[in-house]
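Notes to accompany the following structure.
Numbering (the UniProt record's numbering), first residue to last: 1 to 207.
Structure below.
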């Protein structure tokens, strides 16, 4: 099972597309954790509607905090073998999760990442560089993430084994900062991965 943690805050216009995209994943064994972060629009109601119609969706309404607070709360509810993080402004390809899981059945890596698009007003831009499917050392993964070249710190195009977080309680999102908290978590996960990381030459994640 994959736990998908979705952070939501005042995004009622874009939220349905994000949630329908997750609902339509070809990989069906999901636990979708929706963290409604103090929304004052109809975002919370939209989350409740999805949870009512699909038992895989679960909603947690919290008082407004930063993104790190919401993600940490989501982690405390995660029960899957893998976990991924999606912001409500992101959308992921319908086959992304199934593809990553299928590939990892062969390699059994602790962290898996793929390419992603950046959706601008005028066009879709492929942001991350192409690279063939391969194992990658912790050191190389951290270096590439710091350089923001072939591996970027965005989390929506990554799967992490939940055991990385459960075995290392200090790997959490820093609630004292509002920027680059994803970079810190990604690097900590790379460092704690017992098996080298895979980088995939497939554009499976969209945002």
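C-beta: ideal position from N, C-alpha, C; glycine also.
If I measure Cβ to Cβ from residue i and keep anything under 7 Å in the same chain, skipping five residues before and after, which residues do I get?
i, result
"residue 123", "Confidence at residue 123 is low in this model, with a pLDDT of 43, below 50, so the placement of that residue is unreliable and no value is reported for it."
"residue 41", "10, 12"
"residue 73", "35, 60, 62"
I'd like the list of long-range same chain contacts for residue i, defined as Cβ closer than 8 Å, with 5 residues on each side in sequence excluded.
i, result
"residue 20", "none"
"residue 121", "Per-residue confidence for residue 121 stands at a pLDDT of 45, beneath the threshold of 50, marking its modelled position as unreliable; the derived number appears in the next sentence. There are no such residues."
"residue 51", "34, 57, 58, 59"
Beta strand (DSSP E) containing residue i: first to last residue?
i, result
"residue 62", "57-62"
"residue 7", "2-8"
"residue 37", "30-37"
"residue 159", "158-161"
Using 8 Å as the threshold, is the C-beta distance between residue i and residue j below it?
i, j, result
"residue 89", "residue 22", "no"
"residue 4", "residue 47", "no"
"residue 162", "residue 98", "no"
To which residues of the same chain is residue i closer than 6 Å at the C-beta, ignoring the five residues directly before and after it?
i, result
"residue 160", "83, 111, 189"
"residue 18", "88, 91"
For the alpha helix (DSSP H) containing residue i, name the first residue and the last one.
i, result
"residue 97", "96-107"
"residue 77", "67-77"
"residue 43", "43-53"
Pull up the DSSP beta-bridge partners for residue i, would you.
i, result
"residue 84", "4"
"residue 22", "Residue 22 is not bridged to any residue."
"residue 171", "Beta-bridge pairing links residue 171 to no other residue."
Does the Cβ of residue i lie closer than 7 Å to at least one heavy atom of the ligand SAH?
i, result
"residue 38", "Judged by which ligands are present, the structure shown has none, so any question about the ligand SAH falls away."
### Cβ contact (3+ pairs, closer than 8 Å) linking the segment 20-35 and the segment 65-77
yes
### Task
Pair every Cβ in the segment 98-109 with every Cβ in the segment 169-178, then say whether three or more of these pairs are closer than 8 Å.
Taking 8 Å as the limit for Cβ pairs, the verdict is that the segment 169-178 does not touch the segment 98-109.
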